[in-house]
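Just so we're aligned, residue 3 is where the sequence shown starts under the numbering used here, counting upward by one. Think of the CB as a built atom: it goes at the ideal place given N, C-alpha and C, for glycine as much as any other residue. Given the structure is predicted, the values throughout are model-derived calculations rather than measurements. Written out below as structure tokens is the structure these notes cover.
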Amino acid sequence: MDLIEEERQKFEDKSSRRIFLGGNSQGNMLGLATFLRYSGPTPLGGYAGIIGMNALPKSQASTTSEDIAMQSETPMLLYNAGSDPIFNIRYVRNNLRYFRNVVYGSDPKNFTWIVEENMGHVWSQNFQKLFSEFNFKY
């Protein structure tokens, strides 16, 4: 969390909306854990993750009502593979319910989760197109 704060301080307006997190596979797992621990003064600019799931136990997440309200203002794009041999989609669906039901439950307009059914553990052109068109806040 210190790194996010250090980067935020470098901007003239000190806005965390200029900071984006994301990752692919294990990087997505780390990014989601970082997102769930973030409790800064304002929401981040966005999160984009492809393939992966959250690895952070709920007991270590920032779960105050203020933190969850702030997290829900961060646009999130998650893209998973329906045929991924590493991250079984059944486990991923169960794991990501926390984001859909708790973090973004009151404001789902900032949460986009897509499963590409015939995709394995790889990037797809569909994700690249969606990412380029995603409505991040900054």
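Cβ-based burial, residue i [other Cβ within 10 Å; buried from 16]
i: Ser134; result: exposed
i: Ser18; result: buried
i: Thr86; result: A small correction: the amino acid at residue 86 is Asp; Thr does not occupy that position in the sequence shown. It counts as buried.
i: Thr76; result: buried
i: Phe113; result: buried
i: Leu46; result: buried
Neighbour flag for residue i against chain D, beta carbons, 8 Å
i: Tyr49; result: Checking the listed chains, one finds no chain D in this structure; it contains a single protein chain.
Distance between residue j and residue i (C-alpha atoms, nearest Å)
i: Asn103; j: Asp109; result: 10 Å
i: Asn56; j: Asn128; result: 22 Å
i: Thr44; j: Phe22; result: 13 Å
i: Gln65; j: Leu98; result: In the sequence as presented, Gln is not what sits at residue 65; that position holds Thr. Looking at the two C-alpha atoms, the distance is approximately 15 Å.
i: Met121; j: Ala83; result: 5 Å
i: Arg95; j: Gly25; result: 18 Å
i: Glu14; j: Leu34; result: 27 Å
i: Phe155; j: Trp115; result: Nothing in the structure corresponds to residue 155, since the chain is present only between 3 and 140.
i: Thr36; j: Lys131; result: 25 Å
i: Glu8; j: Ser61; result: 25 Å
i: Ser126; j: Lys16; result: 35 Å
i: Gln11; j: Phe138; result: 21 Å
i: Ala63; j: Ser27; result: 20 Å
Integer Cβ distance of residue i from residue j, believed to fall under 8 Å
i: Glu118; j: Tyr81; result: 7 Å
i: Ile52; j: His123; result: That belief does not hold up - the Cβ atoms of Ile52 and His123 are roughly 10 Å apart, past 8 Å.
i: Tyr49; j: Ser74; result: The Cβ separation is near 12 Å, so there is no contact.
i: Leu58; j: Leu38; result: 5 Å
i: Gly29; j: Ile6; result: Not a contact, Cβ separation roughly 16 Å.
Residue i - partner residues in DSSP beta bridges
i: Phe113; result: Met78
i: Gly47; result: DSSP lists no partner for Gly47.
i: Ile52; result: Asn26 and Tyr81
i: Glu118; result: Ala83
heavy atom of the ligand MN below 7 Å from residue i C-beta
i: Leu34; result: Ligands are entirely absent from the displayed structure, and the ligand MN is therefore not among its contents.
Q. Can at least three beta-carbon pairs, one atom from the stretch 61–69 and one from the stretch 86–97, be found at a separation below 8 Å?
A. In short, these stretches do not touch, since the Cβ pair count stays below three.
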